[in-house]
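Right under this line is the structure:
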């Protein structure tokens, strides 16, 4: 009986420990991804602005290197069409929102872990259950957001380094 | 001591705190990215806190 209770608590502790680290990893992941997409969007916008002005200025140069200017204006036109379809701005907003929510969850998990560490007899059940209920597996969501395994591994390394584990 | 709270008062305060935290936590859902590698077990230092 006692062993069952001990085992049950230890499983809860493991769940709490892993949830806390997952929350930290997710906060970092969405933050990194949002910054990556911001940089990408910025580069495209700068390229579009630069090519539109350079193409006009390069009209006189068309006769010297027509193929180069044709390719450049072709890429520029394609990017101008693709940018609204890629909808980076909306994706960045979703990622930034997810980062903020995961940071909030991370704080709650950290707090719960600290409370439980100092008083293991306290039951973290109600709060832990609520926190877990907020999480939706990525695989169960319509995948409009990218999953980058390499970045996930990088975030896991960052979590381990920051917590010394 | 007048400032010391009785057992039922402390329990009531704890319950109120819990309700407040539950209220704060109940919010939108979040998309969770699954980890690629398993997490290490809690370190001896962390485990030591539990004892």
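Chains as they are written, first to last, in this note's numbering: chain A, 1 to 165; chain B, 1001 to 1051. Each residue gets a CB set at the ideal place from its N, CA and C atoms; glycine is no exception.
Residue 153 of chain A beta carbon less than 9 Å from that of residue 1036 of chain B = A contact, by the Cβ cut-off of 9 Å.
Taking C-alpha atoms, which residue in A:35, A:16 and A:76 lies nearest to residue 91 of chain A?
-> The option with the nearest alpha carbon to residue 91 of chain A is A:35.
Measuring only between beta-carbons, confirm whether residue 1010 of chain B sits less than 9 Å from chain A.
-> Not closer than 9 Å to any Cβ of chain A, the Cβ of residue 1010 of chain B fails to qualify, so no.
List the residues of chain B that residue 24 of chain A touches, going by C-beta distances under 9 Å, in chain order.
-> One finds nothing in chain B with a Cβ atom closer than 9 Å to the Cβ of residue 24 of chain A; even the nearest lies about 10 Å away.
What does residue 18 of chain A touch in chain B if you count any residue whose Cβ is under 7 Å from its own?
-> Near residue 18 of chain A (Cβ distances below 7 Å), the residues of chain B are 1039.
Residue 136 of chain A: first and last residue of the uninterrupted beta strand (DSSP E) it sits in | From DSSP, the beta strand (DSSP E) with residue 136 of chain A extends over 135-137.
Beta-carbon separation of residue 112 of chain A and residue 20 of chain A under 9 Å?
-> Yes; because the gap between Cβ atoms is below 9 Å, this pair is in contact.
Okay, do the stretch 143-152 of chain A and the stretch 126-135 of chain A touch, 3+ Cβ pairs below 8 Å being the bar?
-> At 8 Å Cβ cutoff, the stretches do not touch.
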